[in-house]
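All residue numbers for the sequence shown refer to this note's numbering, where the first residue is 584 and numbers rise by one.
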Amino acid sequence: MTIPFLDLDPGHCLIGGRWRPCISGERIALYNPSDGSHLCEIARGRSEDVSEAVAAARTALDGPWGRMPAFERGRILQALGRLVLENADLLARLEALDVGKPLKQACADVTALARYMEFYAGAADKLTGETLPYLDGYTVYTLREPHGVTGHIVPWNYPMQIIGRSVGAALAAGNAAVLKPAEEACLTALAFAELARRAGLPDGALNVVPGLGTEAGAALSAHPGVDHISFTGSVAVGKLIQQAAAGNVVPVTLELGGKSPQLVFEDADVEAALPYLVNAGIQNAGQTCSAASRILVHCSRYDEVLTGMTDRYRALRAGPALDDHDLGPLVSMRQKEIVQGYLDQGEGLEIAARGEIVANAPAGGAYLAPVLFAGVPPEHRLAQEEIFGPVQVVIPFEDEDHALKIANGTAYGLVASVWTRSGARQMRLARKLRAGQVFLNNYGAGGGVELPFGGTGLSGHGREKGFEALMSFTRLKTIAALHG
Ligand code: NAD
């Protein structure tokens, strides 16, 4: 298979502006999670390919890319955003085939990718330093400089969005990038890199080395030529990445998921809340770091919320990605087994509702009907751990203190939302909730190109998206001139 229109062999790495097989010539098979069929083969890059990619990135920094004025970097990103939109149909179909996400969601991801390019294109020449008051006879100012070579290790759940926010910000700030996409879903990363080449990105500014996490990923995170690492994925691998980065004393951004709550109070507009309560849990079949997997409800509205969610769950359908149902399959049979393992842990809990798998769903697809659990004790595993599948738990609470205790009572802290008409309560909880983003009377799972995003606790550290991400892809230099 070649990637249509782009005439691209998906079995290649992009290094120094040239597509080529990995040095060993080995490949990894990709499967379509909607039916289990073989999609294509991607390169199985290893440490030697990563070393070449890091060297190519360094060469780009020493060459035209490193010397390019910020506004010209912005123009290239702007052109790249346009190419993304011109190829929106191709990108969305690739993502749907590869990840299994319904076409409509894949289209939304393409739009987000283009928006990241536009946002960071416009921001590229607005990174400024400051002049600082100091002693008599001095002029002191700061410069924001790129880190240099940045490593980007990306998961399979939202490849386009995560590449957009991470690589887009890094390039805008003047870094060169080495991207390691996930071995389960890699095709839009390759297509994006080809579009970047066509948009005029100089050779070596963006390099892509597909491969296994334990090989290409581990090599990239430990490479002494890498100056900054950005990682999105599991907590277990996040810890390994941080250890590897410590070996070279380089900064890392870790985005490791969550167990995000939505809190529904006695004075909430439940009708307005219901679509958000359900959609934020089942979007991308629940394989979303900021999925709202816990729904906390005041006991006076508990039955009403549960009935509303139950009705919606019963109408949910999971089916082939290109048929555009509410949910696609999970990304792989392995992921389905992980989620099934959690469902088995729920034995004895009340299942309020299940969605359905459509009758014509191919037998080889990784389908799972979404499940809503009710009355779950807050300390239960299903209410504590990230399941990464279409599973939500509903938990009743007595009052505001109780709600806060439950909401903040996991090891994670990524996103939260509060449904209440009380302005004072909104302000109080916005401060007290342990989360990187708090939504008031809405929920934006992962949304908002402009909005800084990231977590606390096991959700990770560092902020992506918005201007904040751009800053984090720079380091500050202070210059003090004594002129008398
Ligand atoms: P993962 O953390 O294993 O993989 C994410 C990325 O890291 C992939 O590109 C992978 O190749 C790479 N990687 C894996 N091992 C590595 C290593 N030793 N060194 C460097 N890079 C490595 O995630 P997964 O196995 O795809 O999913 C497992 C669980 O992780 C999921 O069930 C879910 O709970 C969580 N997850 C979270 C997110 C998120 O957005 N926070 C995304 C994907 C998965």
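Don't be surprised by glycine CBs; every beta carbon is placed ideally from N, CA and C.
Taking three-plus beta-carbon pairs below 8 Å as touching, is the region 819 to 826 in contact with the region 969 to 982?
-> no
Between residue 726 and the rest of its own chain, which residues show a CB-CB distance below 7 Å, the 5 nearest in sequence each way excluded?
-> For the purposes of this step, residue 726 is taken as residue 143 along the sequence shown, with counting starting at 1. Excluding sequence neighbours, residue 726 sits near 712, 1060, 1062.
Status (buried if at least 16 other CB within 10 Å, exposed otherwise) for residue 1037 | Within the sequence shown, the letter at position 454 stands for residue 1037. By the neighbour-count rule (16 or more Cβ atoms within 10 Å), residue 1037 is buried.
According to DSSP, residues forming a beta bridge with residue 739 = Locating residue 739 in the sequence shown gives position 156, counting from the first residue. DSSP, once it has assigned bridges, lists no residue as partnering residue 739.
Beta-carbon proximity list for residue 1111, same chain, < 6 Å, skipping 5 on both sides | In this structure the chain extends from 584 to 1067, so residue 1111 is not present and cannot be described.
Euclidean distance between Cα positions of residue 752 and residue 784 | Translated into the one-based positions of the sequence shown, residue 752 becomes position 169. Translated into the one-based positions of the sequence shown, residue 784 becomes position 201. Roughly 14 Å separates the two Cα atoms.
From this set, 700, 652, 864, which residue's C-alpha is nearest residue 664's C-alpha?
-> For the purposes of this step, residue 664 is identified with residue 81 of the sequence shown, where counting begins at 1. Comparing Cα-Cα distances from residue 664 to each of 700, 652, 864, the minimum goes to 700.
Using only the heavy atoms of the ligand NAD, determine whether one of them is closer than 7 Å to the beta carbon of residue 817.
-> Here residue 817 refers to the residue found at position 234 when the sequence shown is read from its first residue. At least one heavy atom of the ligand NAD is nearer than 7 Å to the Cβ of residue 817, so yes.
Taking buried to mean at least 16 other C-beta atoms within 10 Å of its own C-beta, is residue 632 buried or exposed?
-> For the purposes of this step, residue 632 is taken as residue 49 along the sequence shown, with counting starting at 1. Flag for residue 632 reads buried.
Per DSSP, what kind of secondary structure is residue 1014 in: helix, strand or coil?
-> As a position in the sequence shown, residue 1014 is number 431, starting the count at 1. In this structure, residue 1014 counts as helix in the three-state DSSP scheme.
Consult DSSP for residue 870 and reduce its assignment to one of helix, strand or coil.
-> What you label residue 870 is simply residue 287 of the sequence shown in a count that begins at 1. In the three-state reduction of the DSSP assignment, residue 870 falls in the coil class, being assigned neither a helical nor a strand state.
What residues match up with residue 596 in a beta bridge as DSSP calls it?
-> For the purposes of this step, residue 596 is identified with residue 13 of the sequence shown, where counting begins at 1. Partner(s): 603.
If you scan the region 771 to 856 from start to end, which runs of the beta strand (DSSP E) of 3 or more residues do you find wholly inside it?
-> 789 to 791, 811 to 815, 835 to 838, 844 to 847
Can you tell me whether DSSP reads residue 614 as helix, strand or coil?
-> Translated into positions along the sequence shown, residue 614 becomes position 31. Residue state, collapsed to three classes: strand.
Pairing CB atoms from the region 992 to 1008 with CB atoms from the region 795 to 810, are three or more of them under 8 Å?
-> no
Skipping 5 residues on each side, what residues in its chain have a beta carbon closer than 7 Å to that of residue 891?
-> Sequence index remark: in the sequence shown, residue 891 carries index 308 (1-based). Closer than 7 Å at Cβ, skipping near neighbours: 853, 857.
What span of residues does the alpha helix (DSSP H) with residue 704 cover, start to end?
-> As a working mapping, residue 704 is identified with position 121 in the sequence shown. Where residue 704 is concerned, the enclosing alpha helix (DSSP H) stretches over 686 to 706.
Own chain residues within Cβ distance below 8 Å of residue 965, not counting five before or after | Position 382 of the sequence shown, counting from 1, holds the residue named residue 965. Taken in chain order, the residues that qualify are 925, 928, 929, 932, 956, 959, 974, 976.
So, using beta-carbon positions, are residue 912 and residue 685 closer together than 8 Å?
-> Translated into positions along the sequence shown, residue 912 becomes position 329. Translated into positions along the sequence shown, residue 685 becomes position 102. Going by C-beta atoms, residue 912 is not nearer than 8 Å to residue 685.
Measure the C-alpha to C-alpha separation of residue 670 and residue 915 and round it to an integer number of angstroms.
-> Numbered from its first residue, the sequence shown carries residue 670 at position 87. Numbered from its first residue, the sequence shown carries residue 915 at position 332. Roughly 26 Å separates the two Cα atoms.
Please classify residue 620: is it buried, with 16 or more other beta-carbons within 10 angstroms of its beta-carbon, or exposed?
-> Counted from its first residue, the sequence shown places residue 620 at position 37. It counts as exposed.
Nearest neighbour of residue 603, chosen from 887, 757, 593 [CA to CA] | Numbered from 1 along the sequence shown, position 20 holds the residue referred to as residue 603. For residue 603, the nearest C-alpha among the options comes from 593.
Option nearest residue 755 by Cα separation, candidates 999, 1049, 791 = For the purposes of this step, residue 755 is taken as the residue at position 172 of the sequence shown. Residue 755 has its Cα closest to that of 1049, out of 999, 1049, 791.
CB-CB under 6 Å to residue 767, same chain, minus the five flanking residues each way: which ones, in chain order?
-> By 1-based counting over the sequence shown, the position of residue 767 is 184. For residue 767, where only same-chain residues beyond five positions count, the Cβ hits under 6 Å are 739, 914, 915.
For residue 733, is the beta carbon positioned less than 7 Å from some heavy atom of the ligand NAD?
-> Counted from its first residue, the sequence shown places residue 733 at position 150. It does not: the Cβ of residue 733 is nowhere closer than 7 Å to a heavy atom of the ligand NAD.
Proximity to residue 862 [Cα-Cα], best of 722, 763, 954, 639 = Along the sequence shown, read from residue 1 onward, the residue named residue 862 stands at position 279. Selected option, being the one with the closest Cα: 954.
Touch test, the region 1031 to 1045 against the region 985 to 996, Cβ-Cβ under 8 Å, three pairs minimum = yes
Measuring alpha carbon to alpha carbon, tell me which of 789, 703, 719, 770 ends up nearest residue 748.
-> For the purposes of this step, residue 748 is taken as the residue at position 165 of the sequence shown. The candidate whose alpha carbon is nearest that of residue 748 is 703.
What is the residue span of the alpha helix (DSSP H) that residue 760 lies within?
-> Indexing the sequence shown from 1 puts residue 760 at position 177. Segment 759 to 763 is the beta strand (DSSP E) holding residue 760; no alpha helix (DSSP H) there.
Cβ-based neighbour list, residue 902, same chain, cut-off 6 Å, excluding 5 preceding and 5 following = Taking the first residue of the sequence shown as 1, we reach residue 902 at position 319. If we look at residue 902 and ignore the five residues flanking it on each side, its Cβ neighbours are 908, 941, 944.
Residue 553 lies in the alpha helix (DSSP H); which residues open and close that run?
-> A question about residue 553 goes unanswered here, because the residues of the chain that appear run from 584 up to 1067.
Excluding five sequence neighbours on each side, which residues of the same chain lie with their C-beta closer than 8 Å to the C-beta of residue 900?
-> In the sequence shown, the residue the question calls residue 900 occupies position 317. Hits under 8 Å: 908, 909, 910, 938, 939, 940, 941.
So what does DSSP say about residue 865, is it helix, strand or coil?
-> By one-based count along the sequence shown, residue 865 stands at place 282. It is helical.
If you count every other CB in all the chains shown that lies within 10 Å of the CB of residue 886, and 16 or more means buried, which is it?
-> In the sequence shown, residue 886 corresponds to position 303, counting from 1. The C-beta of residue 886 has fewer than 16 other C-beta atoms within 10 Å across all chains shown, which makes the residue exposed.
Does DSSP put residue 1052 in a helix, in a strand, or in coil?
-> Along the sequence shown, one-based indexing puts residue 1052 at 469. If DSSP states are grouped into helix, strand and coil, residue 1052 belongs with the helices.
Sequence-distant residues of its chain with Cβ nearer than 6 Å to residue 986 (five each side left out) = Working through the sequence shown from its first residue, we reach residue 986 at position 403. Result list for residue 986: 846, 879, 980, in chain order.
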